[in-house]
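Notes to accompany the following structure.
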Amino acid sequence: MKILHTSDWHVGKILKGRDRHEEHEAVLRNIVQTARAEDVDVVLIAGDLFETSVPSPTAQGLVMRALLALREDSRQVVAIAGNHDNANLLDSVYRPVLGELGLHVLGSPRPPANGGVIRLWSRTGEEAVVSALPFLSQRYAVRAAELLLHEAAQHALDYSRRVAAVVGALTQEFTPDTVNVVMAHATLLGGRRGGGERDVQTTFEYELPPAILPASAHYAALGHLHRQQEIPAPCPAFYSGSPLAIDFGEEANEPGALIVTAAPGIRADARRVDITGGRRLKTLRGSLDHVIDEGERAGDAYLRVILAEPGRAGLGDMVREKLPNALEVQLDEAHRVRPGGGAGKPSRAGRSPMELFGDYLAEQNADDDHRIERMFAELLDEITGGEAAP
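Residues are numbered in the numbering used here as their position in the sequence shown, beginning at 1, plus a constant of 731.
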């Protein structure tokens, strides 16, 4: 059985005010092309289809078209909610509608008999058992444990023990004669962050020991961490990574997906495939001349510029004029604005507005050949009629 494992699409993502719809359209088109070219039997999407819990109609239309295209040629498709997704939207709208077309969508954890365990067949007759666990917040961990374990959950149990109990309930139907897959949107201990995940939901309180994955599973398809990687666990466990860099913290990531080959009684093999369509993200550091020179050779990459020189009026505009793809311009640590104050600061008493403004510019390292001071003087004259001039 061949499986395409992908996750963390984050459709609807806006980066520093720049819409990325065209990138996502190209990325999802490439994922569909990969499913066709590899002739996969099953597609697993391990959460975070959307960037926000209130996705725009445009974002939803793009995801819907991609899901339907992945379903072509009798491919089986399973998608679960991540922490960015709206679980109620997936359960109340996507699940019933797409379910009529043979797709499996889960927004919230479900008992095995009610969608938590999905039985799939390849086109050659191999059977797979997929135990699906959408993102489970601290708030709903108790409720999920009660729902799946059919007993009152002990509130003294910590998050990882509750999730372990849920995984245990979802994997009871694994047998030696089926391809057994665990699918989860979660943070496993030892996983390396990609840079764009929400910190509050990748902290130690949400980290799960890999031992919660059973040795009876042939593969664990994970989502949530954006860097493609294998996690040492009782079964082969992989994060597919995001198919495009979500933020500048991920500029070193290599967007991709995984092609998994699995069979009963054999540990699954995962092979990386590149996913194209997203633009590169690149950080440039140095003087104005240096970053402009580097930026002009960066092609269509989105740029973050960190300047190693004093701030001055219009500096950001100068960068953006030369580098239209510069989405963020800032000064490096040595030249950043620092709060004023301190015992050595001269008294304001008896000092003119121009003198005070000159002191402020000195504190901020704003050396601009007196251009800002002249602009301030003209504005001050216009407001006061020249009465406040030094």
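Glycine included, C-beta positions come from ideal geometry on N, C-alpha and C. Just so you know, these numbers come straight off a predicted model, no measurement behind them.
Residue burial classification, residue i (beta-carbon count within 10 angstroms, cutoff 16)
i     : result
P788  : exposed
E754  : buried
A1044 : exposed
G1026 : buried
V785  : exposed
G748  : exposed
A946  : exposed
P907  : exposed
A948  : buried
Cα-Cα separation between residue i and residue j, rounded to whole angstroms
i     : j     : result
M1106 : A777  : 55 Å
L1012 : S1083 : 47 Å
L832  : A800  : 12 Å
A1065 : L944  : 47 Å
P840  : N817  : 13 Å
I827  : F781  : Note that residue 827 is Pro in the sequence shown here, rather than Ile. Using only the alpha carbons, I get a separation of about 19 Å.
E981  : L1110 : 43 Å
R767  : R1002 : 16 Å
L851  : L901  : 15 Å
D1136 : Y950  : As shown, the chain starts at 732 and ends at 1121. That puts residue 1136 outside it, with no answer to give.
Q932  : H916  : Residue placement at Q932 cannot be trusted, given a pLDDT of 43 that sits under 50; what the coordinates show is reported in the next sentence. Cα-Cα distance, rounded: 11 Å.
G846  : V861  : 10 Å
H741  : T855  : 33 Å
A976  : G1009 : 7 Å
P967  : R870  : 29 Å
D804  : L864  : 26 Å
N761  : I1006 : 6 Å
D889  : P940  : 12 Å
L956  : V894  : 18 Å
V1050 : R924  : 31 Å
V898  : T783  : 26 Å
I997  : V848  : 21 Å
Own chain, CB closer than 7 Å to residue i, minus 5 neighbours either side, in chain order
i    : result
M732 : D772, V773, S853, E857, A859, V910, A993, A994
R892 : none
F979 : L1012, T1014, R1035
Residue from the options with nearest C-alpha to residue i
i     : options                   : result
V1022 : D1005, R923, G1047, R1002 : G1047
S1124 : V836, L920, H815          : The chain is shown from 732 up to 1121; residue 1124 falls before or after that span and cannot be answered.
L775  : D889, N761, L834          : L834
N1056 : R1028, P965, V898         : R1028
E1033 : L1054, E1040, V808        : Inspection of the sequence shows that residue 1033 is occupied by Tyr rather than by Glu. When each option's Cα is compared against that of Y1033, the closest is L1054.
D779  : V763, R802, I811, N761    : I811
I734  : A1108, M914, G838, F905   : M914
S814  : Y1091, R924, L867         : Looking at the sequence itself, residue 814 is Asn, so the reference to Ser does not match. Residue L867 is the option with its Cα nearest to N814.
L821  : M795, L1087, P974         : M795
Own chain, CB closer than 8 Å to residue i, minus 5 neighbours either side, in chain order
i     : result
V1004 : T765, E769, G987, A988, L989, I990
S971  : H736, T737, S738, D739, A777, A952, L953, G954, Q959, G987, A988, L989
G830  : V836
G1089 : E1104
G921  : P941, I962, P963
Residues near residue i in its chain [Cβ-Cβ closer than 6 Å; skip 5 each side]
i     : result
R751  : K744
D1000 : T992
E961  : F969
E1059 : K747, R1035
I1037 : R1016, Q1061, D1063
A797  : L759
E1118 : Summary for E1118: the model assigns pLDDT 44, below 50, so the residue's position carries little reliability; its value from the coordinates is reported in the next sentence. Correct list: empty, nothing qualifies.
Q807  : V773, L851
Y825  : V836
Using 8 Å as the threshold, is the stretch 783–801 in touch with the stretch 980–988, meaning 3 or more CB pairs across them? Contact check between the stretch 783–801 and the stretch 980–988: fewer than three CB pairs, one atom from each, fall below 8 Å, which does not count as touching.
Would the stretch 1014–1027 and the stretch 757–765 be scored as touching if the rule is three or more Cβ pairs under 8 Å? no
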